[in-house]
Amino acid sequence: MTLVCQDRPGIVHAISGAVVQAGGNITESAQFSSHDTGTFFMRLQVEAPGERDAFEGALAPVVAHYGMTHRLDVVGRPTRTLVLASKAAHCVNDLLFRQRAGQLPIEVPLILANHDDLSGLAEFYGKRFEHHPVTDPESKAAFEARVLQVVDRYDVELVVLARYMQILSPELCAALEGRAINIHHSFLPGFKGANPYRQAHARGVKLIGATAHFVTSDLDEGPIIEQNVVRVDHTRSAPELMAIGQDEESRTLTQAVRWFAEDRVLLDGARTIVFR
113 MTLVCQDRPG
123 IVHAISGAVV
133 QAGGNITESA
143 QFSSHDTGTF
153 FMRLQVEAPG
163 ERDAFEGALA
173 PVVAHYGMTH
183 RLDVVGRPTR
193 TLVLASKAAH
203 CVNDLLFRQR
213 AGQLPIEVPL
223 ILANHDDLSG
233 LAEFYGKRFE
243 HHPVTDPESK
253 AAFEARVLQV
263 VDRYDVELVV
273 LARYMQILSP
283 ELCAALEGRA
293 INIHHSFLPG
303 FKGANPYRQA
313 HARGVKLIGA
323 TAHFVTSDLD
333 EGPIIEQNVV
343 RVDHTRSAPE
353 LMAIGQDEES
363 RTLTQAVRWF
373 AEDRVLLDGA
383 RTIVFR
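Counting in the numbering used here, the sequence shown runs from 113 upward without gaps.
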């Protein structure tokens, strides 16, 4: 259960009391008060008897009194996730491997890609794969229309851009606000273009990293969910830097998806609150 409202005294006491009155037992609790926005954030895991509707009904008076935005879900229920991809396999493979191994609580009904390079990988994991080339504005609009069709048909809760190398339109960004996650290397804006690792090698970088963030119409500037870095030195070749960077991209994206699927990520303006 996640709760968001304006901060004021008595919130934790009121919620805890409502849970107890409903016969529930709090097994995990985290909270944060944002001094910047005056907003209170809370995440609870609760063992509760009876039906979900009855439990939510017991919480309703507190939710109404504090004007809370809240979400109630079952722990471990897979999050319905649409994966968008292009040619690179590392992020898609990590997501599907961990999902199949039971390490990532997502359900992937379909992979949409603007290239067909990953069709074999999708087949290996038993996932449906659709290839829709994006070569001009018309085909881009058709691809994005298909994204929205899939989101609606499968009641998709999360869209993951797993190295999908197309910029989403402002309209699609708005439609997916707060439920689309992108991954990119952390060389931006210093090393843009098709060969950032070669550029990084030429400049002798000492750190390689990756950033997972929510998608917004401002390219690569959405609220950050997770970041990782690893130290490198002059002995690393450009291909080695790429391999290290791709490992970080996979690890960072999967962690962000996991936290989202576990309802640990809440938006606070242009940043996120992550209850790890």
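All C-beta atoms in this analysis are idealised placements derived from N, C-alpha and C, irrespective of residue type, glycine included.
Quick caveat: nothing in here was measured; it's all calculated off a predicted structure.
Report task. Give the straight-line distance between the Cα atoms of A312 and D267, rounded to the nearest whole angstrom. Result -> Residue numbering aside, residue 312 sits at position 200 when the sequence shown is read from its first letter. Residue numbering aside, residue 267 sits at position 155 when the sequence shown is read from its first letter. If you take the alpha carbons of A312 and D267, they lie about 41 Å apart.
Query raised in the report: In chain order, what residues of the same chain have a beta carbon less than 6 Å from the beta carbon of R155, not counting five sequence neighbours either side?
Result: Position 43 of the sequence shown, counted from the start, is the residue given in the question as residue 155. Once the five neighbours on either side are set aside, the close Cβ partners of R155 are T114, A142 and F387.
Query - Q358 in three-state terms, based on DSSP - result: Locating residue 358 in the sequence shown gives position 246, counting from the first residue. The answer is helix: DSSP assigns Q358 an H, G or I state.
Query raised in the report: Got a sec? Which residues, its chain only, sit under 7 Å from M277 by beta carbon, not counting five neighbours each side?
Result: Counted from its first residue, the sequence shown places residue 277 at position 165. Once the five neighbours on either side are set aside, the close Cβ partners of M277 are S198.
**Report entry** Cβ separation of R383 and P335, assumed to be a contact under 8 Å, to the nearest whole Å
**Finding:** Along the sequence shown, read from residue 1 onward, the residue named residue 383 stands at position 271. Along the sequence shown, read from residue 1 onward, the residue named residue 335 stands at position 223. Their Cβ separation, rounded to whole angstroms, is 5 Å, which keeps R383 and P335 in contact under 8 Å.
Query - For S198, three-class secondary structure by DSSP - result: In the sequence shown, the residue the question calls residue 198 occupies position 86. Three-state result, S198: coil.
Query raised in the report: What residues are listed by DSSP as bridge partners for A211?
Result: To locate residue 211, count along the sequence shown from 1; it is residue 99. The residue you asked about is not Ala; residue 211 is Gln in the sequence shown. Answer by DSSP bridge pairing: none, since Q211 is not bridged.
**Report entry** When Q358, G381 and T364 are compared against H202, the one with the closest alpha-carbon
**Finding:** If you number the sequence shown from 1, residue 202 lands on position 90. For the residues Q358, G381 and T364, the minimum Cα distance to H202 belongs to Q358.
Query raised in the report: If you run the structure through DSSP and keep just helix, strand and coil, what is Q278?
Result: Residue 278 sits at position 166 when you count from the first residue of the sequence shown. In this structure, Q278 counts as coil in the three-state DSSP scheme.
Query - Which listed residue (V271, L353 and H296) has its alpha carbon closest to that of C285 - result: Here residue 285 refers to the residue found at position 173 when the sequence shown is read from its first residue. Comparing Cα-Cα distances from C285 to each of V271, L353 and H296, the minimum goes to V271.
Report task. Check each candidate in T149, E338, G316 and V317 and name the one with the smallest Cα separation from H325. Result -> Position 213 of the sequence shown, counted from the first residue, corresponds to residue 325. Ranking the options by Cα distance to H325, first place goes to E338.
Query raised in the report: Which residues in the same chain as A166 place their Cβ atom closer than 8 Å to its Cβ, once the five residues preceding and following it in sequence are excluded?
Result: Residue 166 sits at position 54 when you count from the first residue of the sequence shown. A134.
Query - Bridge-paired residues (DSSP) for F241 - result: Locating residue 241 in the sequence shown gives position 129, counting from the first residue. Answer by DSSP bridge pairing, in chain order: I223.
**Report entry** Neighbourhood of L389 by C-beta, 6 Å cutoff - its chain only, sequence neighbours within 5 removed
**Finding:** With the chain represented from 113 up to 388, any question about residue 389 goes unanswered, as that position is not in the structure.
Query raised in the report: Under the rule that 16 or more other beta-carbon atoms within 10 Å means buried, what is H346, buried or exposed?
Result: By 1-based counting over the sequence shown, the position of residue 346 is 234. Residue environment for H346: exposed (fewer than 16 other C-beta atoms within 10 angstroms of its C-beta).
Query - Assigned exposure category for G179 - 16 Cβ within 10 Å defines buried - result: As a working note, residue 179 is residue 67 in the sequence shown. By the 16-neighbour rule on beta-carbons within 10 angstroms, G179 is exposed.
Report task. Quick one: which unbroken beta strand (DSSP E) runs of 3-plus residues sit fully inside the segment 301 to 371? Chain order, please. Result -> The segment 301 to 371 is shown to contain whole beta strand (DSSP E) runs of 3 or more residues at 319 to 326 and 336 to 343, in chain order.
Requested in this report: Could you pull the start and end residues of the beta strand (DSSP E) that A142 belongs to?
Outcome: The count along the sequence shown starts at 1 and reaches residue 142 at position 30. N137 to S146 is the span of the beta strand (DSSP E), which, as asked, contains A142.
Query raised in the report: Should H296 go down as buried or exposed, given a rule of 16 or more other Cβ atoms within 10 Å for buried?
Result: For the purposes of this step, residue 296 is taken as the residue at position 184 of the sequence shown. Around the beta carbon of H296, a 10 Å sphere encloses 16 or more other beta carbons of the protein chains shown; the residue is thus reported as buried.
**Report entry** Neighbourhood of S145 by C-beta, 8 Å cutoff - its chain only, sequence neighbours within 5 removed
**Finding:** Residue 145 sits at position 33 when you count from the first residue of the sequence shown. Only D119, T151, F152 and F153 meet the Cβ criterion.
Report task. Return the chain-ordered list of same chain residues with a C-beta closer than 7 Å to the C-beta of T366, the five sequence neighbours on each side being excluded. Result -> Here the question's residue 366 lines up with position 254 in the sequence shown. D206, L207, R210 and L216, listed in sequence order.
Requested in this report: Please state whether DSSP places D380 in a helix, a strand or coil.
Outcome: As a first step, residue 380 is located in the sequence shown; it is residue number 268 there, counting from the start. DSSP places D380 in strand when its eight states are reduced to three.
Query raised in the report: Which first and last residues belong to the alpha helix (DSSP H) in which F167 is found?
Result: Counted from its first residue, the sequence shown places residue 167 at position 55. Element bounds for F167: R164 to Y178.
Report task. Kindly indicate which residue of K318, L331 and E168 has the alpha-carbon position closest to the one of P282. Result -> On the sequence shown, residue 282 is found 170 positions in, with the first residue counted as 1. Out of K318, L331 and E168, L331 has the C-alpha closest to the C-alpha of P282.
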